[in-house]
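So the structure is just underneath, and the comments pick up after that.
This is the structure we're talking about:
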């Protein structure tokens, strides 16, 4: 905003913050997966350049614009990617398949939608898996999920939006 609370951040790049997003980097295989793809994706990908890795896929939590609109940067006019897997729940898949300009990303094979299901682990490689799970949030356009990411030595949970921890 333009209020005093944000004026300092606008003038000082070092305190700039980004929308909720996570990059899972596999340094051994030199690739990474994004969890949500935000409007700031160009800058966020630029930050990942230091790891000398390639985009291996995108996981989307839900159909609120800040979590998926960065997909447009994968299209013909910008990155023109080829068959980047985009992991989505069934309602989110339908939403992307039925709404332009996302339909063009699918038709031009910039992205490939991969339907995932709640509570079923998806192995990314021999040592990393991702399991989506439903979380309570406004679900006007799609279901909302968090992701449990597990490797041989650790696990973490990514939840970008939730309405109630008790629910």
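In our numbering, the protein residues as written are 11 to 177.
Virtual Cβ for every residue (Gly too), placed ideally from N, Cα, C.
Item checked: Segments assigned beta strand (DSSP E), at least 3 residues, entirely inside the segment 41-125 -> 41-45, 64-69, 94-98 and 121-125
Check: Just to confirm, does residue 147 get its C-beta within under 7 Å of one of the non-hydrogen atoms of the ligand GDP?
Finding: Absence of the ligand GDP is noted for the structure shown, with no ligands found whatsoever.
Notebook entry, point to check: Rounded to a whole number of angstroms, what is the C-alpha to C-alpha distance between residue 175 and residue 149?
Noted result: 16 Å
Item checked: residue 33: first and last residue of the uninterrupted beta strand (DSSP E) it sits in -> 32-36
Notebook entry, point to check: When you compare only the Cα positions, how much space is there between residue 60 and residue 54?
Noted result: 11 Å
Item checked: Among 98, 48, 162 and 119, the one whose alpha carbon lies nearest that of residue 27 -> 48
Note to self: Per DSSP, what are the beta-bridge partners of residue 130 in this structure?
What the structure shows: According to DSSP, which records beta bridges pairwise, residue 130 is partnered with nothing at all.
Note to self: Is the beta carbon of residue 43 closer than 8 Å to that of residue 66?
What the structure shows: yes
Next item on the list: With DSSP as the reference, label residue 179 as helix, strand or coil.
Entry: Outside the displayed span of the chain (11 to 177) sits residue 179, for which this structure offers no information.
Next item on the list: Have a look at 57, 86 and 46 and flag the residue whose alpha-carbon is nearest the alpha-carbon of residue 99.
Entry: 46
Margin query: Taking the alpha carbon of residue 34 as the reference point, which residue from 173, 172, 177 and 158 has its own alpha carbon closest?
Written below: 158
Next item on the list: Grab the span of the alpha helix (DSSP H) containing residue 14 for me, first residue to last.
Entry: 14-21
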